[in-house]
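Chains as they are written, first to last, in our numbering: chain V, 452 to 731; chain R, 452 to 731. Where is the CB? At the ideal position from N, CA and C, for every residue including glycine.
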DNA sequence: CACTATTTGTCCGTATGTATG
DNA sequence: TCATACATACGGACAAATAGT
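Here's what the structure looks like:
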């Protein structure tokens, strides 16, 4: 009973939903007509209708015959916004909104890449744990963590399910002094898709972080995958250094010194899109 | 007239290509067998073969009958890595590797979101420009910029095609003092897909940045969309403040690129020996 | 040297989504 | 809205090549 799904329609549905939920297509505004959408996205009108049907079923749009299709004012669930410069995930702030599920835990031989990133010695094994973070009961991040075995033994599996890893490491007397982060994008494989309640091939935000102790050896390697509709990174910067150097430093999140501070926790990135008219 | 494209096969192809180009699947390693892939990704073997055919055609994999499918040592084009804390896109570093195409330019009434973000006054219009950045002749970013009209008039359309916007603003005597950035993900619409040489619905890295002058008014609103295979954000952090505060500050960009990191590969529920074809 | 297990390569008929009118 | 034509996707089955026992 492997019924095949309407793939093109689903893709278009996802695209339009993304536009609506991201706030690009604002409530009460009219969507392009069905024939226009069909031409724009290179599909038939039947496919467009299928996508719109789905959106209508979810209450995201309202169709008025003879008039057009309109974005309804349905609000999306507030996504989570993280301060990019804050390496610690502070449970205090997250509070009871978030939870953690420990999917797997064990000690494995490291891959070559891990040896390089963590500067492991020959034969040294790593502790590998896979966790899923939830917000309001909904999964939003998939975390694969690798820690050198000599460090990993300082806490238990149960600790990991309740306490942020970096906090555990600190309690063990380890000093996290330097960190290195890279943000990119990736596609969801079967495991991740299942864990994050997505379909295979969905787009994800990815972050790779390596934390080092003063000696320069790595103490944590984290590969995180986020649902972009539920998580994004944010950073406020101020100009520093009168030496003409174009340096910018992050500012505190908690203290919005300026009443006009531009941060709003709930704001999501807008995806701009040239509505009309392309130039070549 | 080929009316329908192989969507599932294409998706699987993109997924596997992502794994290979990102370095997760390392050269010379063996991919899971076709039946295994079919089960893992919930498609038929025929579909798996189509995806592998495409990869083989591009030389990313080598198939050895009876033996398996192997990742060939073909190196991906080095993607661009940006220092996240550096608001300025320094042409100096980018040098001649990069180029800019100005797609559109003009003055338009602002959207409600823009009014809010830039703190525009009633009736104030904005200058809107759409640019595409190229690296080695290949497009990697799609930039939609909005600038208040009172500021935009200080430079010409030609300037914009050759000089970074923030530099132009500085020359006009404007002080960029604070900035606010959000990174997320988005899906490619028709225009962006065409501009970035992608297909509609492809995943993109998105960044929204608003730059403020000391008075608190916005002087630039940038919506950037990046091809994740050609661009990513990087940041090195050091611990600051012995006051126990968990502050981290960015340091100078030292090393070029961390190859993108590990995602998990589905393990077979069978009795698997240390076959270890996992991620890195 | 065979025997076995697993892999890729090739074929089939069937079912269903998509485009067209 | 409906019906038709076509391409894709599916689940088989079987052959050939490879590697390990």
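Asked                                                                                                                                                                                                 : Found
Considering only C-alpha positions, which residue in the set 465(R), 681(R), 688(R), 685(R) is nearest to residue 549(R)?                                                                             : 681(R)
Does the beta-carbon of residue 462(V) have 16 or more other beta-carbons within 10 angstroms, so that it is buried, or is it exposed?                                                                : buried
Report the neighbours of residue 563(R) on chain V: residues whose CB is nearer than 8 Å to its CB, in chain order.                                                                                   : 477
So is residue 624(V) buried or exposed if we call it buried at 16+ other beta carbons inside 10 Å?                                                                                                    : exposed
To the nearest angstrom, how far is the alpha carbon of residue 489(R) from that of residue 566(R)?                                                                                                   : 50 Å
Is it a yes or a no for the segment 666-682 of chain V touching the segment 607-623 of chain V, going by three-plus beta-carbon pairs under 8 Å?                                                      : yes
Our contact map puts residue 582(R) next to residue 629(R) with C-beta atoms below 8 Å; I'd like the distance itself, whole angstroms only.                                                           : About 23 Å separates the two Cβ atoms, so there is no contact after all.
Against chain V, does residue 683(R) count as a neighbour if the rule is that its beta carbon must be under 9 Å from one of theirs?                                                                   : yes
Rounding to the nearest angstrom, what Cα-Cα distance links residue 467(V) and residue 637(R) in this structure?                                                                                      : 11 Å
Beta strand (DSSP E) containing residue 613(V): first to last residue?                                                                                                                                : Element bounds for residue 613(V): not the beta strand (DSSP E) but the alpha helix (DSSP H), 608-613.
With a cut-off of 8 Å on the beta carbons, I'd call residue 556(V) and residue 608(V) a contact; round off their distance for me.                                                                     : 5 Å
Buried or exposed: which applies to residue 588(R), given that a residue is buried once 16 or more other Cβ atoms fall within 10 Å of its Cβ?                                                         : exposed
By Cβ distance, which residues of its chain are closer than 7 Å to residue 560(R), with the 5 residues on each side in sequence left out?                                                             : 576
Taking the alpha carbon of residue 603(R) as the point to measure from, which residue in 563(R), 558(R), 494(R), 506(R) has its own alpha carbon closest?                                             : 558(R)
Residue 577(V) CB to nearest chain R CB: under 9 Å?                                                                                                                                                   : no
Under 7 Å, CB to CB, which of the residues in the segment 607-629 of chain V have a partner in chain R?                                                                                               : 627, 628, 629
If we count the other Cβ atoms within 10 Å of its Cβ and call it buried at 16 or more, is residue 517(R) buried or exposed?                                                                           : exposed
Can you check which of these residues, 675(V), 591(V), 509(V), is closest to residue 634(V) by C-alpha distance?                                                                                      : 675(V)
Is there at least one Cβ from chain R nearer than 9 Å to residue 631(V)'s Cβ?                                                                                                                         : yes
Which residue's Cα is closest to the Cα of residue 689(R): 664(V), 579(V), 592(V)?                                                                                                                    : 664(V)
Compare the C-beta of residue 735(V) against all C-beta atoms of chain R and say whether one is closer than 9 Å.                                                                                      : Residue 735(V) lies beyond the residue range present for chain V, which begins at 452 and ends at 731; the question has no answer from this structure.
Pick from 649(R), 464(R), 563(R), 522(R): whose alpha carbon is nearest that of residue 479(R)?                                                                                                       : 522(R)
Short check: CB of residue 585(V) to CB of residue 458(R), under 9 Å?                                                                                                                                 : no
On the premise that residue 483(R) lies in contact with residue 496(R), defined as a C-beta separation below 8 Å, what is that separation, rounded to the nearest angstrom?                           : Not quite, the Cβ-Cβ distance comes to about 12 Å (not below 8 Å), so this is no contact.
Which same chain residues, not among the five before or five after residue 465(V), have their C-beta less than 7 Å away from its C-beta?                                                              : none
Of all the options 580(V), 501(V), 520(V), 597(V), which has the alpha carbon lying nearest to the alpha carbon of residue 661(V)?                                                                    : 597(V)
At which residues does the alpha helix (DSSP H) containing residue 564(V) begin and terminate?                                                                                                        : 563-569
Please go through the same chain and pick out, in chain order, the residues whose beta-carbon is closer than 8 Å to the beta-carbon of residue 657(V), but skip the five residues on each side of it. : 634, 635, 636, 637, 674, 675, 676, 677
Distance, Cα to Cα, residue 531(R) vs residue 475(R)?                                                                                                                                                 : 18 Å
Apart from the five residues just before and just after residue 460(V), which ones in its own chain have a Cβ nearer than 7 Å to its Cβ?                                                              : 498, 501, 502
Would you mind reading off the limits of the beta strand (DSSP E) that contains residue 582(V)?                                                                                                       : 577-586
Looking at the secondary structure, which residues open and close the alpha helix (DSSP H) in which residue 620(R) lies?                                                                              : 616-622
Can you find a C-beta in chain R that's less than 9 Å from the C-beta of residue 693(V)?                                                                                                              : Unreliable positioning characterises residue 693(V) in this predicted model, as indicated by a pLDDT of 49, which lies under 50. The coordinate reading is nonetheless provided below. Cβ-Cβ to chain R under 9 Å: no for residue 693(V).
Rounded to a whole number of angstroms, what is the C-alpha to C-alpha distance between residue 643(R) and residue 659(V)?                                                                            : 27 Å
Between the Cα of residue 686(V) and the Cα atoms of 622(R), 578(R), 534(R), 504(R), which residue gives the shortest distance?                                                                       : 534(R)
Of the residues that make up the segment 634-657 of chain R, which ones have a beta carbon closer than 9 Å to any beta carbon in chain V?                                                             : 634, 635, 636, 637, 638, 639, 640, 641, 642, 643, 645, 646, 651, 652, 653, 654, 655, 656, 657
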